[in-house]
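In order, the protein sequence lines correspond to chains A and B.
Residues 1 to 283 in the numbering used here are what the first sequence spells out, letter by letter.
Residues 1001 to 1294 in the numbering used here are what the second sequence spells out, letter by letter.
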Amino acid sequence: MSVPSSLNVGPTTTLYLVKKRYLLFYIFLIWISIFSVQFEFWWYWNLLYEWKFIHFLFFLPFIIFLIYLTAILVSLFFTKLFLIIVNLLHKPREGVFLRDSSDKDFRYWSLRSTIKRWPIWLAHKFPFPFMDNICLKLFGIKTKFANSLFEGFIDTEFIEFGKNVVVGQSAIIQSAVIVGNLFIIRKTIIEDNVVIGAHSVVMPGTHMKKNSILAGSSLTTVGQEVAENWVYLGAPAKKYKPNVFFEDGLEDIIRVQGMEESKIFEKVEDFYTVRRDKEAKNN
Amino acid sequence: MTETLKKESSEKVDYNIDFVTTSAISKISLKFLVFYLPILWISGYMTVAVFFDISRYIPWYINMFLIPIWLFILYFIFVFGIAIFTKAFILIINMIHLPKEGVFRAEEGDRDYEFWRLRVELKKLVLWFMNNGPLPWIVMWAFRWLNVRIDFSSHLQDAWVDGEFIEFGRNITVGQGAVVMSSMIVGNYLIIKKIILGDHTVVGGVSNISPGTLMGKESVIGAFSTTIPNQIIEAGWIYLGQYARKLKPNKYAEQRRDIIYRKHVDEEIKYEVQQEVNIDEDKKSLLNNHVEEE
């Protein structure tokens, strides 16, 4: 429920290639959103300040909220405009590219994330997540409004969400990743009823099928297929147990569960570590 | 669907929940705005009214000087206003439905689930605004205000900590980005179970504490580790790993601050070393006296 003060969570756009001329986009977007703020406030002041001061006071918090919303919407509008123009110049596509400013795809990816940064930062400065979802939808992510995407770090393009998806605290869902000298963009698909645990990382190209669970602190590999109705665990994530928790009438079984810790440790050990003596035996 | 699964596994179906998922709110609906808007409105109105009522009687050139103080005061009126009115709403909600531990269906229509969602969103409003403030103790105040007992010497503002069904001891530390959750969503079920963190416990950064965890006195959970639901962390031990298991006794808690132990690895001799203290020459006598007395 509480959110760490030192982490700026929320949908992220990675800033990798920083160029001074990208500042122009920031300045324009910030300026245009603040322009809308001052225009609205001026209109409201003229309307009510002299005429009925009490009404002015009463509606002020609501108007400030509206002003905040319009600031986001205005900057979103211009961001979308920029994005359309940029995408006309160079269409975003999946693939493996070079991590170098000479590579056109990498350059345009950085440009896109630069443009998207201000509105999504602004939208995340409110504890209710609906503005985030609007932002993500406008940037071309397929998602439902009821999805809980507020607590993790989510990339802003090439992701598809189904219904009822829960993204855990500080989980990272990526569609682009930098590995050594390569830069990979692949579409991440997350289907219905998927739960992604806290601190887990979903790498680009992962296809999480229906009703699957990625347990906390686990990691999928690039292009991994997560099977339907399974719980995955570990780094890289492996099949742990079938997801039987969609059955009816398990309340009593879950409530009285006793844990045999040592057994679970044995079971889980292989998922996270490689034991040298075991490996030697197998070979 | 489930029948085929049973056939596939052919063994006894494993219903144990021995993994961690998340306590993030599972479904967002716009009806929560019904609570958000009045709370924000009333506390915003309080702020605005205070400002305009008082500042009208002060000449503008003095007001210009007072702007920083004004901002500070108004910020606190706003934030505490939110805390007070949220608490009022929570009291009313808890009168309609008392929060309780247990296993519930995570689908719309289940009373416990619906009210859990509502509580999460409401408490988040307070903790969010408190956490975004510049002062650390204000977060502790928010937790205390939401009936979670915690003292001001604890530190948890860099972590995701749930605001209900948690018992904190004195002087606990929760590391950066750690998730302490008393509720968890697994498949179709919502599990709510109380967490107890004893006195002087430390939770390392980026670790997951799952519902039902019991941490004894002076125990430590290392960084990037996970506890299973219902795990018991013994008092005075350091735990580490994906799933946290005993590493070694927590001797650091017993040691005096000016004396450390060194261990000679080859001969396994253990000896005390007095720590060099960076202190003025004339005050060193005080330090030695203190050691002799004990």
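We put the beta carbon where it would ideally sit given N, CA and C, even for glycine.
- Three or more beta-carbon pairs drawn from the segment 1197-1210 of chain B and the segment 1163-1177 of chain B are found closer than 8 Å, and the two stretches are therefore classed as touching.
- Assignment of T1201 of chain B by DSSP, reduced to helix, strand and coil, places it in the coil class.
- With the criterion set as a beta carbon lying under 8 Å from some beta carbon of chain B, the members of the segment 194-206 of chain A are V195, I196, G197, A198 and H199, in sequence order.
- Put simply, the CB of S1219 of chain B is far from chain A, with every gap to its CB atoms at 9 Å or more.
- When DSSP reads this structure, R1170 of chain B sits in no beta bridge, so it has no partner.
- Under the three-state reduction of DSSP output, Y1189 of chain B falls in the strand class.
- By the criterion of a C-beta distance shorter than 7 Å, A1106 of chain B is surrounded in its chain by S1026, Y1113, I1185, N1188, Y1189 and L1190, once the five residues flanking it on both sides are discounted.
- Judged by pairs of C-beta atoms under 8 Å, the segment 94-107 of chain A does not touch the segment 123-134 of chain A, as fewer than three such pairs exist.
- The DSSP-derived three-state label of M208 of chain A is strand.
- A Cβ-Cβ contact shorter than 9 Å links F271 of chain A with A235 of chain A.
- One finds Y1015 in chain B with Cβ atoms closer than 8 Å to the Cβ of I253 of chain A, taken in chain order.
- Around the CB of N1131 of chain B, 16 or more other CB atoms lie within 10 Å, so the residue is classed as buried.
- The beta carbon of G180 of chain A sits closer than 7 Å to no other beta carbon from its chain once the five residues preceding and following it are set aside.
- Those residues of the segment 1085-1113 of chain B placed with their C-beta closer than 7 Å to a C-beta in chain A are G1102 and V1103, ordered along the chain.
- Counting every other CB atom within 10 Å of its CB across the protein chains shown gives M1064 of chain B a total below 16, marking it as exposed.
- Our two residues, Y1243 of chain B and T188 of chain A, have alpha carbons roughly 28 Å apart in a direct line.
- K267 of chain A has its alpha-carbon roughly 25 Å from the corresponding atom of P1249 of chain B.
- Under DSSP, W230 of chain A shares a beta bridge with A:P242.
- Taking every protein chain shown into account, the CB of P61 of chain A has 16 or more other CB atoms within 10 angstroms, so this residue is buried.
- Below the 9 Å Cβ cutoff, chain B contributes no neighbours of E50 of chain A, its closest Cβ being approximately 13 Å away.
- Counting C-beta pairs closer than 8 Å gives three or more between the segment 26-44 of chain A and the segment 68-83 of chain A, which meets the contact rule.
- Under DSSP, the beta-bridge partners assigned to W1237 of chain B are B:P1249.
- Look at the segment 206-224 of chain A: the residues with a C-beta under 7 Å from a C-beta of chain B are I213, A215, G216 and S217.
- Remark: fewer than three beta-carbon pairs, one from each stretch, lie closer than 8 Å, so the segment 139-149 of chain A and the segment 52-61 of chain A are not flagged as touching.
- The beta carbon of S1055 of chain B sits no closer than 9 Å to any beta carbon of chain A.
- Checking the DSSP bridge columns, you'll see E160 of chain A partnered with A:K142 and A:I189.
- Partner residues in the beta bridge of H1155 of chain B, as assigned by DSSP, are B:T1173.
- The C-beta distance from K241 of chain A to V231 of chain A rounds to 5 Å, short enough to meet the 8 Å contact threshold.
- Under the Cβ criterion of 9 Å, W1141 of chain B is not counted among the residues facing chain A.
- For the alpha helix (DSSP H) assignment, the uninterrupted runs of no fewer than 4 residues enclosed by the segment 1040-1118 of chain B are, from N- to C-terminal side, 1060-1096.
- Close partners of G1222 of chain B in chain A (Cβ separation under 8 Å) are lacking, with about 13 Å as the shortest Cβ gap.
- Per DSSP, A1223 of chain B lies in no alpha helix (DSSP H) and is assigned neither H nor E.
- Close to Y240 of chain A, with beta-carbon spacing below 7 Å, are these residues of chain B in chain order: F1019.
- In the structure shown, the three-state DSSP call for S262 of chain A is helix.
- As the crow flies, the alpha-carbon of F1085 of chain B is around 8 Å from that of S1043 of chain B.
- Relative to L233 of chain A, the option among B:T1021, B:S1210 and B:G1222 whose CA is nearest is B:T1021.
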